[in-house]
Amino acid sequence: MQRLYIALLFCLAITLHNLEEALYLPQWTTTVSLPLHLQPKPFYIVVSIITLLAYIITVLMLCYPNKPRYRFLFIGYAGAMWINAFVPHMIISIMTRTMMPGVITAILFVLPICTFILYKLARSWKEIVASTGVVGLFLLGVVFLQLFL
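Put into structure tokens, the structure is as follows:
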């Protein structure tokens with residue numbers, strides 16, 4: 001039962017965070033002096049894919065609790081989102097002296113929930129680093145997909 005609650009909290013955090021980004025990030029990029037200006041439609045597609053992947057990985061982890069690969073992906077996704085709270089959200093907010101969209105939900109939801117997930121489900125630092133690296137690089141590739149849409 002604890003895994004179900006962890007999974008629901010994770011999906012809630014990801015959904016709120018990605019919704020905040022989808023609603024405000026493309027417009028925000030036009031108001032700050034950064035080299036990247038996001039186009040709304042491709043960004044919405046990418047954010048939707050990233051959110052859907054989180055749901056799929058979560059469901060797989062819940063349906064197949066004895067399959068280590070799904071736990072690995074779930075931990076990796078939580079680790080990638082934990083890092084995402086700092087890079088880019090907090091760092092760019094500090095650099096631009098503005099609130100980058102996503103930073104509020106990153107601080108209020110993503111960081112505490114993903115920290116809890118990593119603490120409860122990960123068996124070692126090595127597992128956290130490896131899974132976060134694998135999933136994080138994959139998600140970064142999905143993010144760069146918007147450049148081709």
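FYI, UniProt numbering numbers position 95 of the sequence shown as 95, with every residue one higher than the one before it. Every residue, glycine too, gets a C-beta built ideally from N, C-alpha and C.
Residues near residue i in its chain [Cβ-Cβ closer than 7 Å; skip 5 each side]
{"i": "Ala122", "result": "Ile75 and Ile128"}
Within 7 Å, strictly: CB atoms of residue i and residue j
{"i": "Val46", "j": "Leu145", "result": "yes"}
{"i": "Ala13", "j": "Phe116", "result": "no"}
{"i": "Ile50", "j": "Val142", "result": "yes"}
{"i": "Ala22", "j": "Tyr55", "result": "no"}
{"i": "Leu139", "j": "Ala78", "result": "no"}
CA nearest to the CA of residue i, picked from the options
{"i": "Thr29", "options": "Thr96, Gly133 and Val142", "result": "Thr96"}
{"i": "Tyr70", "options": "Ala80, Gly79, Asn18 and Thr58", "result": "Thr58"}
{"i": "Leu9", "options": "Gln27, Pro40, Leu111 and Phe148", "result": "Leu111"}
{"i": "Ala85", "options": "Cys11, Tyr64, Thr105 and Phe148", "result": "Thr105"}
{"i": "Lys41", "options": "Leu25, Ile94, Thr98 and Thr15", "result": "Leu25"}
{"i": "Val135", "options": "Met90, Pro101 and Leu53", "result": "Leu53"}
Separation of residue j from residue i, as counted between CA atoms
{"i": "Ser124", "j": "Cys114", "result": "15 Å"}
{"i": "Asn66", "j": "Val87", "result": "32 Å"}
Spatial neighbours of residue i in its chain, beta-carbon cut-off 8 Å, leaving aside the 5 residues before and after
{"i": "Leu34", "result": "Ile92 and Thr96"}
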